[in-house]
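Undergrad:
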Amino acid sequence: MKITLINPNTSRAMTAKIAAAARGVAGPGVEISAVCPDDGPAAIESHLDEAFAAVAVIDLIRRDQLDGGSDAYVIACFGDPGLDAARELVDVPVIGIAEAAMHVAAISGRSFGIVTTLSRTLGRAQDLLHRYGFDRACVAAYGSGIPVLDLEDVSGPAFDALAGWCERVVQEDGADVVVLGCAGMADLCDRLADRVGVPVVDGVAAAVGLASGMARMRVGTSKRDEYAPPPRAAVAV
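Residue numbers (this note's numbering): 127 to 363.
(1) Determine the burial state of S270: buried for a count of at least 16 other Cβ atoms within 10 Å of its Cβ, exposed for fewer.
(2) Measuring alpha carbon to alpha carbon, tell me which residue in V183, R189, L209, A266 is nearest N135.
(3) Rounded to the nearest angstrom, what separates R262 and D351 at their Cα positions?
(4) Taking the continuous alpha helix (DSSP H) assigned at C292, which residues delimit it?
(5) Just to confirm before moving on: does the CB-CB distance between P273 and A169 stay below 8 Å?
(6) Which term fits L318, buried or exposed, when burial requires 16 or more other beta carbons within 10 angstroms of its beta carbon?
(7) From which residue to which residue does the alpha helix (DSSP H) around Y268 run?
(8) Measuring only the C-alpha atoms, how far is V363 from L248?
(9) For D197 versus M127, is the C-beta distance shorter than 8 Å?
(10) May I ask you to list the residues that DSSP assigns as paired with A128?
(11) Can you tell me whether L244 is helix, strand or coil according to DSSP?
(12) Taking the CB atoms as reference points, tell me whether C162 and R189 lie closer together than 8 Å.
(13) With a 10 Å radius around its C-beta and 16 neighbouring C-beta atoms as the bar for buried, classify G208 as buried or exposed.
(14) Rounded to the nearest angstrom, what separates S237 and L174 at their Cα positions?
(15) Could you check the C-alpha separation between G205 and T242 for me, to the nearest Å?
(16) Select from N133, V327, L255, A152 the residue whose C-alpha is nearest the C-alpha of D164.
(17) Would the beta-carbon of V326 fall within 8 Å of that of G239?
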């Protein structure tokens, strides 16, 4: 089984870190192919960045399809950019890490809180909570103030700051589970869980687990109506 993991930003270091986290949970017989675009935003921290990221997701899936395709795709950005368009392109599972993390967190506990990067991304997180039906399950969402690219190597004060927000969402807001709101936090999951004493969900691991499970179940993307192939060929990106 091959799962293509798409990091929509151009950071090779972050792509490698995300790939390592994915391979840690992939299990035997699962190949993780991690890719990122050559051009575009170095980090996805605005609506403009996300628009470019969505185009990159579609381009990378199209390239992979020309090369034989994959059994599933994971979009490794917490804004889930390009998710609907990607599902129009293929009949295999396409999973965004925000959607996956929220589903796993809702199974792991009755409530969850989100700790992400910059506060300006919280609006998008709220939009996704509403779309995925988790408005009531999410008790709080906080921006840590840590930029995406600073997550390439988190230690010392930066880790303590991030852990402090996780502790707040548990102790003050009563969250049973913490959701990490950035793919760049994928390698911090275990350390943060040890620190805060509740499950901490990384969307990359959650998405890989769901993608591999769906592929084994032979449950892909429905081609009825909304996710049917587009009626007109789009301009190549």
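Even for Gly, the Cβ is constructed at its ideal location relative to N, Cα and C.
TA: If we stick to the structure as given:
(1) So S270 counts as buried.
(2) Residue V183 is the option with its Cα nearest to N135.
(3) The straight-line gap from Cα to Cα measures roughly 29 Å.
(4) Taken as a continuous stretch (DSSP letters only), the alpha helix (DSSP H) holding C292 covers 283-297.
(5) Taking 8 Å as the Cβ cut-off, P273 and A169 qualify as a contacting pair.
(6) Around the beta-carbon of L318, 16 or more other beta-carbon atoms lie within 10 Å, marking it buried.
(7) It is not in any alpha helix (DSSP H) - Y268 instead sits in the beta strand (DSSP E) that spans 264-269.
(8) In this predicted model, V363 has a pLDDT of only 46, less than 50, meaning its place in the structure is not dependable enough to derive any value.
(9) Taking 8 Å as the Cβ cut-off, D197 and M127 qualify as a contacting pair.
(10) Contrary to the premise, residue 128 reads as Lys rather than Ala in this sequence. Note: K128 sits in a beta bridge opposite E157.
(11) In this structure, L244 counts as coil in the three-state DSSP scheme.
(12) No, these two residues do not count as a Cβ contact at 8 Å.
(13) Around the Cβ of G208, a 10 Å sphere holds 16 or more other Cβ atoms; the residue is buried.
(14) Approximately 31 Å between the Cα atoms of the pair.
(15) Rounded to the nearest angstrom, the two C-alpha atoms are 11 Å apart.
(16) Considering only alpha carbons, the answer is N133.
(17) Not in contact: V326 and G239 (Cβ atoms no closer than 8 Å).
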